[in-house]
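Let me begin by presenting the structure, written as structure tokens, before commenting on it.
Written as structure tokens, this is what we have:
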């Protein structure tokens with residue numbers, strides 16, 4: 001059985017999990033795959049702290065660049081994160097014709113185009129199954145399982161922190177700030193939670209799925225990103241009453257050569273599979289021209305789940321190395337040079353949930369309905385809720401509207417007009433509806 | 435780019451879909467995979483009926499065995515079904531060192547052991563991604579995506595016909611016979627529906643998933659199979675009231691080296707992802723030691739979904755052929771020769787839903803509860819329902835019980851004792867609870 005040399009750079013939580021898995025399950029992996037992926041080195045600045053993993057001391061090194069260049073290392077596993085040292089490591093490995101496995105979504109979202117091209121040029125593999133969805137084999141399913149399909153849509157719950165917060169807000173009726181503080185205390189959210197709750201982590205991930213589905217790279221600043229910060233309990237409750245759950249949904253859709261890539265808090269019908277995804281779990285629904293809807297669900301983060309995905313990649317890459325062939329894939333080209341056109345935010349289309357504080361006066365509902373209609377926005381359902389005492393004193397009543405699919409730009413224009421006309425107390429809230 | 439010759443045997447619904455996909459998407463597939471899977475022949479007894487697919491007449495032949503032996507055919511795609519001609523074709527192809535792609539679950543469940551061994555011996559691939567779950571890449575996920583995991587449990591909804599019937603019974607309150615007749619009229623169920631509704635199709639599929647997860651083959655007659663025939667609206671309604679949906683669930687679990695493989699109508703908690711799987715959709719939940727719970731969902735049948743899975747296999751196999759290496763996998767050994775022990779039906783363990791018609795007399799509830807307890811069966815929840823007029827006249831009242839996990843054998847003994855003691859009108863109904 002051929003032996004392939006594996007080197008891990010980054011001995012943190014995931015790195016330790018991968019090292020442990022490779023050592024403990026060496027027989028299982030070799031039996032299942034016919035190739036022996038042999039761990040030959042682990043590099044980290046800190047190689048003295050006990051990670052609770054039984055890695056032979058001789059394998060540990062502080063010289064990560066030395067590891068990358070060692071002739072007996074065939075596959076470099078980058079688990080540092082970020083775009084600094086990690087970028088140098090991955091770039092050097094590929095330049096030396098070595099295959100790379102990484103879980104670094106930021107690196108791929110920001111430097112992917114260059115790195116994919118370099119891998120292709122040098123005949124090396126660049127695998128990144130753990131970068132999206134943790135232990136869920138979604139990257140692999142898009143690359144292989146759905147290979148016969150053109151992808152028409154991807155909808156994903158890709159951030160466990162956000163889903164945990166939204167699940168608890170719905171289940172307990174708690175406020176966003178209360179649940180966030182709790183999540184931080186429990187270690188489900190960072191001290192600086194912006195990357196998660198403002199949607200950037202989700203955007204990195206949908207950017208990677210877009211590359212896989214359409215063979216294009218999308219400039220990160222062209223993805224519309226709305227997070228869940230400050231989502232109110234009022235909206236969670238109204239959504240629930242109408243039969244919807246609110247989830248942070250990453251969308252990537254294709255219609256007639258136009259791509260729509262965005263991240264929004266979204267009302268999902270309760271009978272939809274994505275509405276059942278609770279707590280820190282992730283899920284991705286992928287619609288293919290042949291398969292129709294398919295869905296992939298599991299833990300999107302955590303040491304063991306992420307290590308599972310990394311090891312699965314290591315094994316695949318090791319098989320290619322043993323056979324002397326890389327997995328040649330379609331190169332990802334910048335979307336501007338592709339056959340796809342990236343829609344601007346205002347060109348996107350969605351059903352919308354609107355919450356308006358309407359001035360309590362005769363004819364007001366008619367006026368805003370008319371303005372919506374003038375902008376091509378049709379009302380699908382509407383309900384007026386009982387005002388609180390404060391709202392009644394201020395002279396406004398809460399109205400909730402579900403629209404038919406509408407262009408985002410037209411809708412926003414309509415809402416601005418409605419606000420300027422003094423029909424509502426302030427700019428109405430608009431949330432997407434799946 | 436290397437060209438690999440593909441021959442399809444069986445030009446039925448799926449065969450036509452695969453031929454169409456290979457021809458129409460040739461460029462897409464080659465671009466995505468770096469190998470050209472070229473359709474070179476299609477064999478069927480009937481090559482004159484119009485399948486609505488534009489296959490060049492020169493490719494069509496009635497000589498399927500001749501196709502298999504042609505030197506320019508590298509990969510044989512068997513889409514005949516059954517264990518007769520299909521078996522001869524697959525066997526001959528493998529004997530000639532040709533890789534095989536098949537969607538034939540019956541063949542694999544009944545002859546898999548022999549065919550897997552033959553493929554391994556001749557250095558050929560035997561791929562069968564379309565045999566379970568149609569367009570859902572579940573076979574591929576078990577083989578590759580979850581390769582780092584020991585699998586602890588698989589729970590699947592694997593038959594679209596059963597799930598359609600159960601969904602409509604729950605949604606509309608209709609009787610089993612009425613919905614079955616409807617399903618037959620709509621083409622969702624065969625004129626002879628036994629293979630589907632009696633659970634055999636599901637058993638074939640869980641047998642294949644068991645092989646993939648544990649590397650063993652299980653004698654088909656050792657799988658306990660209960661179908662959904664005659665499931666009553668009463669139970670669907672009681673289950674609903676208690677917060678459960680009834681689904682036909684295939685189970686494969688491992689506990690301490692013992693394997694439990696069975697098919698049963700099962701009460702699934704409504705908050706469980708599997709409870710949200712409606713209509714003809716399939717889903718499989720796989721629990722791995724590293725990933726925890728993962729779930730795969732999609733259309734389990736139909737021309738396009740099945741063709742998608744077949745083409746995905748063809749492309750993978752073609753890549754291996756082009757590279758000159760088969761995908762060597764762990765051989766499947768008979769379970770009796772493996773490190774696993776197959777549990778007998780009475781050794782299985784489950785929570786149970788029991789419906790009893792209890793004689794209306796003082797002390798009856800106490801007596802059956804005592805007998806359950808004597809057999810190690812603990813009651814988790816119980817409710818007595820209002821009897822119908824007929825039940826009241828006969829002197830019996832309906833009681834529903836949910837148990838804690840209990841051994842199937844002990845439970846059945848208890849139920850027989852309760853029946854023999856005249857406490858109930860007839861042998862109580864027992865359904866598994868997930």
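Protein chains in written order, with this note's numbering: chain D, 1 to 434; chain V, 435 to 868. Glycine included, each C-beta is placed from N, C-alpha and C at the ideal position.
As assigned by DSSP and simplified to three states, the class of residue i
| i | result |
| --- | --- |
| residue 667/V | helix |
| residue 597/V | helix |
| residue 409/D | helix |
| residue 84/D | coil |
| residue 21/D | helix |
| residue 614/V | helix |
| residue 254/D | strand |
| residue 158/D | coil |
| residue 36/D | strand |
| residue 731/V | strand |
Selection from the options that minimises the alpha carbon distance to residue i
| i | options | result |
| --- | --- | --- |
| residue 683/V | 814/V, 719/V, 603/V | 719/V |
| residue 144/D | 563/V, 586/V, 583/V | 563/V |
| residue 598/V | 586/V, 584/V, 613/V | 613/V |
| residue 632/V | 594/V, 541/V, 715/V, 649/V | 594/V |
| residue 183/D | 242/D, 273/D, 62/D, 280/D | 280/D |
| residue 694/V | 709/V, 603/V, 640/V, 700/V | 640/V |
| residue 355/D | 13/D, 232/D, 57/D, 45/D | 232/D |
| residue 303/D | 723/V, 729/V, 627/V, 737/V | 723/V |
| residue 515/V | 496/V, 490/V, 478/V | 478/V |
| residue 696/V | 588/V, 755/V, 716/V, 703/V | 588/V |
| residue 670/V | 601/V, 559/V, 851/V, 540/V | 601/V |
Interface flag, residue i vs chain D, CB-CB below 8 Å
| i | result |
| --- | --- |
| residue 689/V | no |
| residue 739/V | yes |
| residue 798/V | no |
| residue 463/V | yes |
| residue 759/V | yes |
| residue 607/V | no |
| residue 791/V | no |
| residue 745/V | yes |
| residue 846/V | no |
| residue 603/V | no |
| residue 676/V | no |
| residue 533/V | no |
| residue 710/V | yes |
Own chain, CB closer than 6 Å to residue i, minus 5 neighbours either side, in chain order
| i | result |
| --- | --- |
| residue 742/V | 569 |
| residue 784/V | 866 |
| residue 385/D | 398 |
| residue 843/V | 780 |
| residue 200/D | none |
| residue 11/D | 42, 44 |
| residue 629/V | 635 |
| residue 815/V | 836 |
Other residues of its chain near residue i: CB distance less than 7 Å, five sequence neighbours each side excluded
| i | result |
| --- | --- |
| residue 316/D | 127 |
| residue 257/D | 339, 340, 341 |
| residue 803/V | 813 |
Closer than 9 Å at the beta carbon, the chain D residues around residue i
| i | result |
| --- | --- |
| residue 733/V | 291, 292, 293, 294 |
| residue 768/V | Ordered by position in chain D, no residue passes the 9 Å Cβ test against residue 768/V, which lies about 17 Å from the chain. |
| residue 921/V | Residue 921/V lies beyond the stretch modelled for chain V, which goes from 435 to 868, so this question has no answer here. |
| residue 486/V | In chain order: nothing, as chain D lies at least about 16 Å away. |
Other residues of its chain near residue i: CB distance less than 8 Å, five sequence neighbours each side excluded
| i | result |
| --- | --- |
| residue 502/V | 441, 443, 510, 523, 526, 527, 530, 532 |
| residue 583/V | 722, 723, 724, 725 |
Interface residues of chain D facing residue i [CB-CB closer than 7 Å]
| i | result |
| --- | --- |
| residue 574/V | 144, 145 |
Listed by chain order, chain V residues near residue i by CB distance under 7 Å
| i | result |
| --- | --- |
| residue 25/D | 582 |
| residue 372/D | Chain V residues near residue 372/D: none, gap ~33 Å exceeds 7 Å. |
| residue 136/D | 728 |
Test: residue i CB closer than 8 Å to a CB of chain V
| i | result |
| --- | --- |
| residue 131/D | no |
| residue 8/D | no |
| residue 21/D | yes |
| residue 498/D | What is shown of chain D runs 1 to 434, which leaves residue 498/D out entirely. |
| residue 273/D | yes |
| residue 187/D | no |
Chain D contact residues for residue i, given Cβ-Cβ distances below 8 Å
| i | result |
| --- | --- |
| residue 750/V | 144 |
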